[in-house]
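J.: So the protein sequences, as listed, match chains L and H. The opening position of the first sequence corresponds to residue 1 in this note's numbering, with each subsequent residue numbered one higher. The opening position of the second sequence corresponds to residue 15 in this note's numbering, with each subsequent residue numbered one higher.
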Amino acid sequence: VNQQRQITAFFSKS
Amino acid sequence: MLELRLVQGGLLKKVLESLKDLVNDANFDCSASGFSLQAMDSSHVALVALLLRSEGFEHYRCDRNLSLGMNLNNMAKMLKCAANDDIVTIKADDASDSVTFMFESPNQDKIADFEMKLMDIDSEHLGIPEAEFQAIVRMPSAEFARICKDLSTIGDTVVISVTKEGVKFSTRGDIGTANIVCRQNPSIDKPEEATIIEMEEPVSLTFALRYMNSFTKATPLANQVTISLSADLPVVVEYRVAEMGYIRFYLAPKIEE
């Protein structure tokens, strides 16, 4: 299954 | 007190048209350096970052940092009432719960003001680090929009592959497959028609076409689009907003599981 990842996983929360 | 006067009011109309389908509500952050926005789509798969630098405005007054929570659909509705060549002024008082958009016709014979209610929005602000990209493709924005539209009639996802040969957009669906290759083309006579590929190493990533198509709503803002790719990083699709800033869309890649 092709999964789309959450954008939050890539960027730090500031 | 906030007062931002933009002679090219049409730019703001185009910015809103490119954002309103992706993001419902967002905070516009106003500081001395500019008018900016960072927002995620409701499924947290895409992120949009807008910057309009203060120098790009004819008049820019922002006494203290302000965050204006707006429903982008409603803001777009109001800006649609401005003519493309109108001068647009955005005004807000520090403690106010509303924002005013003032539209002036170029010869000053018509002046309109629209007041819109602001809203409280809890938004997650993400830190976007500067990344090194494996490949950066610059191409005509209309061409990119056409490719995304065409491929979405066949499949749901697009594989973007960059090699020395060029950039390939591929999809597959129930009815078949499609591949579109754009080769490097410096187009010295017409730089707006150029396709330029800067590649450190080949890269191939898969993305949802639904989002790509949504990003191409920004096509009227710029003749060229820049697509920056790196393995396991979100793609960055960037449109310049005249000389004053940019709108950048980040989309998380799809992964095979």
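Every residue gets a Cβ at the ideal spot worked out from N, C-alpha and C, and that includes glycine. Predicted model, so just to flag it, every value in this text is computed and none were measured.
Are at least three pairs of beta-carbons, each pair with one atom in the segment 173 to 192 of chain H and one in the segment 100 to 117 of chain H, less than 8 Å apart?
T.: Judged by Cβ distances under 8 Å, the segment 173 to 192 of chain H makes no contact with the segment 100 to 117 of chain H, as fewer than three pairs qualify.
J.: Compute the Euclidean distance between the alpha carbons of H/G23 and H/G190, then round it to the nearest angstrom.
T.: The residue you call residue 23 of chain H lines up with position 9 of the second sequence. The residue you call residue 190 of chain H lines up with position 176 of the second sequence. Approximately 44 Å between the Cα atoms of the pair.
J.: Name the two residues that bound the continuous alpha helix (DSSP H) containing H/E252.
T.: For this step, residue 252 of chain H is matched to residue 238 along the second sequence. Where H/E252 is concerned, there is no enclosing alpha helix (DSSP H), although the beta strand (DSSP E) it sits in stretches over V249 to V255.
J.: For H/V59, return the contacting residues in chain L, with the cut-off set at a CB-CB distance below 7 Å.
T.: Within the second sequence, the letter at position 45 stands for residue 59 of chain H. Within 7 Å Cβ-Cβ: Q4, Q6 and I7.
J.: Between the Cα of H/E270 and the Cα atoms of H/V173, H/E69 and H/N87, which residue gives the shortest distance?
T.: By one-based count along the second sequence, residue 270 of chain H stands at place 256. Closest option to H/E270, Cα to Cα, is H/V173.
J.: Tell me which same chain residues have a C-beta within less than 8 Å of the C-beta of H/G187, skipping the five on either side of it?
T.: Within the second sequence, residue 187 of chain H is the residue found at index 173, counting from 1. Closer than 8 Å at Cβ, skipping near neighbours: I168, G169 and D170.
J.: Which parts of the segment 194 to 264 of chain H are runs of the beta strand (DSSP E), unbroken and 3 residues or longer, counting only runs that do not cross its ends?
T.: Listed in chain order, they are 210 to 213, 217 to 222, 238 to 243 and 249 to 255.
J.: Any Cβ of chain L within less than 8 Å of the Cβ of H/L36?
T.: As a first step, residue 36 of chain H is located in the second sequence; it is residue number 22 there, counting from the start. No - not a single Cβ of chain L is within 8 Å of the one on H/L36.
J.: Can H/Q82 and H/N38 be called in contact, C-beta distance under 8 Å?
T.: As a position in the second sequence, residue 82 of chain H is number 68, starting the count at 1. As a position in the second sequence, residue 38 of chain H is number 24, starting the count at 1. Sequence inspection shows Leu at residue 82 of chain H; the Gln mentioned does not correspond to that position. The answer is no: Cβ separation not under 8 Å.
J.: Suppose you measure from the CA of L/K13 to the CA of H/L219; what does that come to, to the nearest Å?
T.: Working through the first sequence from its first residue, we reach residue 13 of chain L at position 13. Working through the second sequence from its first residue, we reach residue 219 of chain H at position 205. If I take the Cα positions, the gap works out to 25 Å.
J.: Please list, in chain order, the chain L residues whose beta carbon lies closer than 9 Å to that of H/G141.
T.: Stepping through the second sequence from its first residue, residue 141 of chain H is reached at position 127. F11, S12, K13 and S14, listed in chain order.
J.: Identify each residue in the segment 218 to 231 of chain H for which the Cβ-Cβ distance to at least one residue of chain L is less than 8 Å, and report them in chain order.
T.: Residues passing the 8 Å Cβ filter: T220 and A222.
J.: Counting beta carbon pairs with one atom in the segment 257 to 265 of chain H and one in the segment 143 to 157 of chain H, are three or more of them shorter than 8 Å?
T.: As far as the Cβ criterion goes, the segment 143 to 157 of chain H does not touch the segment 257 to 265 of chain H, which means the pair count is below three.
J.: Sorted by chain position, which residues of the same chain lie with C-beta nearer than 7 Å to H/L11's C-beta, five sequence neighbours on each side aside?
T.: Only positions 15 to 271 of chain H appear in this structure, which leaves residue 11 of chain H out of reach.
J.: Beta carbon of H/L36, beta carbon of H/R75: below 8 Å?
T.: The residue you call residue 36 of chain H lines up with position 22 of the second sequence. The residue you call residue 75 of chain H lines up with position 61 of the second sequence. Result no, Cβ atoms of H/L36 and H/R75 do not sit closer than 8 Å.
J.: Name the one or two DSSP bridge partners that H/V113 has.
T.: Residue mapping note: residue 113 of chain H aligns to position 99 of the second sequence, counting from 1. For H/V113, which the question treats as bridged, DSSP gives the partners H/M130.
J.: Name the one or two DSSP bridge partners that H/F49 has.
T.: The residue you call residue 49 of chain H lines up with position 35 of the second sequence. Per DSSP, H/C44 and H/L66.
J.: Compare the Cα-Cα distances from H/A192 to each of H/K163, H/E215, H/I211 and H/M213 and report the closest residue.
T.: Counting from one through the second sequence, the residue named residue 192 of chain H turns up at place 178. For the residues H/K163, H/E215, H/I211 and H/M213, the minimum Cα distance to H/A192 belongs to H/K163.
J.: By how many angstroms is the C-alpha of H/T209 removed from the C-alpha of H/V222?
T.: Translated into positions along the second sequence, residue 222 of chain H becomes position 208. Translated into positions along the second sequence, residue 209 of chain H becomes position 195. For the sequence presented, residue 222 of chain H should be read as Ala rather than Val. Straight-line Cα distance between these residues: approximately 23 Å.
J.: List, in chain order, every chain L residue whose beta-carbon is nearer than 9 Å to that of H/E269.
T.: Within the second sequence, the letter at position 255 stands for residue 269 of chain H. Reading off the sequence, residue 269 of chain H comes out as Ile, not Glu. What H/I269 touches in chain L: N2, Q3, Q4 and R5.
J.: May I have the straight-line CA-CA distance separating H/A96 from H/E129, to the nearest angstrom?
T.: As a first step, residue 96 of chain H is located in the second sequence; it is residue number 82 there, counting from the start. As a first step, residue 129 of chain H is located in the second sequence; it is residue number 115 there, counting from the start. Distance between the alpha carbons of H/A96 and H/E129: 13 Å.
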